[in-house]
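Report on the structure given below.
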């Protein structure tokens, strides 16, 4: 079932609509057509009690504001960072907007998460879906080529949030799309993620400079303190922040974990709440996942709840950060003869 209702109006006067995808069991995902933002995910705990496990806001002004934290947004053209907000492609240099120090982050100052998308309710194999479309013109945020993007949200009867990303271009360009949902399986209003348990199935992580730009070297996760190759309590890892130099620079965890095997579907991460029994598996054909523990949050969320540091965590499936400057990384170059086509599934269950 798909329902829709007015949500709010943007600062530019655009009407924003909220769509709720509810499956046969009553679990649901809510999305708005501003930013393609996931504003809520209601899934059962081990006792069958539904609760909202995705952080979000009650109004568009906060999503458009300086403290939004990219909350729940569809991120593009290029998720994560591009060093020095510039890149060379086919013999030409492209300057971009610097919106993260001297670097470009999440597509630039006005990335896809800050735009209106066209939304079309749909049904796929009997399950509710929402097809989102946006056109990014040549030169948008400094990137070459006209890029047409389609993102399909599907919420299955098995409590799987499937996100299918597709894009085509008329010029060689860069594309690396993701979703920036913040999860807390104890409930969006639980306060922090300290008691959640995370496992990431990746052998390496990107070594990064203090500004979180990769050096180009892959570090075995066995050599870093933020190693989730076995299930780890988040609070135990976050307690190391002040004593581990790069974690202190990041303010917590904000690192890409490198599973490799681009275009091969795999279980890349599992998040678990011992308190509620909720489990979230992250399944993707992307080679990496950025784990970000929300240390930048300091904002009023849904229902007046304050979201502070570590209120939620992101598991953003992606290609590696700054891939355009590292030819040894899986490529984010998209050419006119190719189609960008990737899928990530957030599968919710209990144990």
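Residue numbers (my numbering): 61 to 411. Glycine residues also receive a C-beta, built at the ideal position from the N, C-alpha and C atoms.
Check: For a test of the three-state rule: what should DSSP assign to residue 355, helix, strand or coil?; Outcome: coil
Check: Assuming residue 173 contacts residue 164 under a Cβ cut-off of 8 angstroms, what Cβ separation, rounded to an integer in Å, is found between them?; Outcome: Contact flag wrong, Cβ pair sits at about 14 angstroms.
Check: Between the segment 219-234 and the segment 193-210, do at least 3 Cβ pairs fall closer than 8 angstroms?; Outcome: yes
Check: Within the continuous alpha helix (DSSP H) that includes residue 295, where are the two ends?; Outcome: 294-298
Check: At a cut-off of 7 angstroms, would you count residue 352 as near the ligand SAH, judging by its Cβ distance to the nearest heavy atom?; Outcome: Among the ligands in the structure shown, none appear at all, so the ligand SAH cannot be discussed.
Check: Return the chain-ordered ranges of every beta strand (DSSP E) run that is complete within the segment 208-259 and spans a minimum of 3 residues.; Outcome: 220-229
Check: What does a CB cutoff of less than 6 angstroms around residue 320 pick up in its chain, not counting 5 residues either side in sequence?; Outcome: 347
Check: Kindly indicate which residue of 389, 175 and 171 has the alpha-carbon position closest to the one of residue 264.; Outcome: 389
Check: Out of 353, 382 and 235, state which residue places its alpha-carbon closest to the alpha-carbon of residue 171.; Outcome: 235
Check: Relative to the alpha-carbon of residue 129, which residue among 202, 387 and 369 has its alpha-carbon at the smallest distance?; Outcome: 369
Check: Output the distance between the C-alpha atoms of residue 232 and residue 365, rounded to the nearest integer angstrom.; Outcome: 44 angstroms
Check: Kindly confirm or deny that the segment 370-386 and the segment 137-151 touch, where touching means at least three C-beta pairs closer than 8 angstroms.; Outcome: yes
Check: Please list, in chain order, all residues of the same chain as residue 401 whose beta carbon is under 7 angstroms from its beta carbon, the five residues on each side excluded.; Outcome: 226
Check: Looking at the secondary structure, which residues open and close the beta strand (DSSP E) in which residue 180 lies?; Outcome: 178-184
Check: Would DSSP call residue 305 helix, strand or coil?; Outcome: helix
Check: Who are the Cβ neighbours of residue 367 in its own chain at under 7 angstroms, not counting the five residues just before and after it?; Outcome: 115, 357, 359 and 361
Check: Taking Cβ positions, are residue 101 and residue 78 nearer each other than 8 angstroms?; Outcome: no
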